[in-house]
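Data first, discussion second: the structure below is written as structure tokens.
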Amino acid sequence: MIATVTTPRSLLGIEDLAADELHALLDLAALMKRHPLAWRGALEGRAVACLFERPWTRGRVSLEVAVHRLGALPVVLERSGGIEETARLLSSYCDAIAIRTDHHRDLLDLAAHATVPVINALTDAAHPCRALADCLTLRERFGELAGLEVAYVGGREPAMHSLIEAAIRTGMTVHVAAPEALLPDPALLARAGTAVRVCESAREAVTDVVAVYAAAARSDLPSAFSVTPELLSYAAPRAVMVDASPDLLPVEQAVLRVLVTGDWEI
1 MIATVTTPRS LLGIEDLAAD ELHALLDLAA LMKRHPLAWR GALEGRAVAC
51 LFERPWTRGR VSLEVAVHRL GALPVVLERS GGIEETARLL SSYCDAIAIR
101 TDHHRDLLDL AAHATVPVIN ALTDAAHPCR ALADCLTLRE RFGELAGLEV
151 AYVGGREPAM HSLIEAAIRT GMTVHVAAPE ALLPDPALLA RAGTAVRVCE
201 SAREAVTDVV AVYAAAARSD LPSAFSVTPE LLSYAAPRAV MVDASPDLLP
251 VEQAVLRVLV TGDWEI
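In UniProt numbering, the protein residues as written are 1 to 266.
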């Protein structure tokens with residue numbers, strides 16, 4: 001296992017993790033999932049601010065339960081006041097801040113002014129906890145992540161960005177099929193190299209892959225990029241359709257435990 005890190009340590013995106021750190025988080029999340037009771041009290045006496053800019057039922061429940069099961073106090077609230085003031089106030093009372101916001105800039109500003117770890121629970125640019133949860137699910141089903149080919153059909157969205165960042169670090173390949181205007185950011189594609197394959201059609205993208213993602217429905221998405229039963233028939237025999245709302249709980253627990261304590265040891 002990798003060495004202990006110095007706190008505070010934030011997770012604003014998958015790009016904040018080295019490959020060995022990502023795998024270490026997955027190992028810890030898998031262990032927590034198998035033995036949930038063993039981690040009760042791991043963060044006893046701590047408090048984690050759970051900051052939401054609008055209602056997200058599933059996301060709020062998952063995060064709040066993850067904090068509670070580690071023995072910490074979840075402080076759930078909506079933001080009021082400026083980012084700098086919020087960061088300073090929450091840092092003085094809490095041991096970490098998890099935030100869901102529609103504005104990635106707010107996440108970056110919060111992290112810049114906070115003196116405790118900040119966790120990206122979803123922004124309009126990235127969804128690192130979702131990518132980690134998906135990696136855990138794929139690893140459980142198929143074994144090693146290296147060499148897996150998955151398809152993302154539809155358009156650019158936070159989960160796609162974070163999945164590609166995860167692919168860079170795990171050896172997966174993401175086949176992307178989307179209208180040109182909705183393809184991933186060119187800088188991300190350049191950085192990803194062979195971890196991403198841009199396909200001309202949805203059928204090309206899903207052919208022989210082991211997992212298929214469908215982007216969220218949107219009015220400007222042509223029907224050619226809709227995921228249908230017929231399209232899925234071109235995937236590999238054991239292929240899975242990835243749930244748009246995966247079980248984030250084990251991953252959120254692992255992230256909280258590592259970032260709050262600075263201890264990567266299992």
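Glycine residues also receive a C-beta, built at the ideal position from the N, C-alpha and C atoms.
Values in this document were obtained by computation on a predicted structure and should not be read as measured data.
{"Asked": "Touching by the beta-carbon criterion (3+ pairs, under 8 Å), the segment 80 to 91 and the segment 142 to 153", "Found": "no"}
{"Asked": "Cutoff 7 Å: residue 194 Cβ touching any chain D Cβ", "Found": "Here there is only one protein chain, and chain D is not present."}
{"Asked": "Reference residue 269; option with closest CA among 57, 227 and 12", "Found": "Since the first residue of the chain shown is 1 and the last is 266, residue 269 is not available in this structure."}
{"Asked": "Neighbourhood of residue 19 by C-beta distance below 6 Å, restricted to the same chain and skipping five residues each side", "Found": "169"}
{"Asked": "C-alpha distance - residue 154 paired with residue 222, whole-angstrom precision", "Found": "9 Å"}
{"Asked": "Same chain, Cβ closer than 7 Å to residue 255, five either side skipped, listed in chain order", "Found": "11, 25, 119 and 129"}
{"Asked": "Rounded C-alpha distance that separates residue 157 from residue 138", "Found": "20 Å"}
{"Asked": "Whole beta strand (DSSP E) elements within the segment 121 to 201, 3-residue minimum", "Found": "149 to 153, 173 to 177 and 196 to 198"}
{"Asked": "Opposing strand residues paired with residue 96 [DSSP bridges]", "Found": "48"}
{"Asked": "C-beta contact flag for residue 198 and residue 176 at 7 Å", "Found": "yes"}
{"Asked": "Euclidean distance between Cα positions of residue 37 and residue 70", "Found": "9 Å"}
{"Asked": "CB contact flag (residue 164, residue 196, <7 Å)", "Found": "yes"}
{"Asked": "Where the beta strand (DSSP E) containing residue 77 begins and where it ends", "Found": "73 to 78"}
{"Asked": "Supposed close pair residue 224, residue 202 - CB separation, criterion 8 Å", "Found": "6 Å"}
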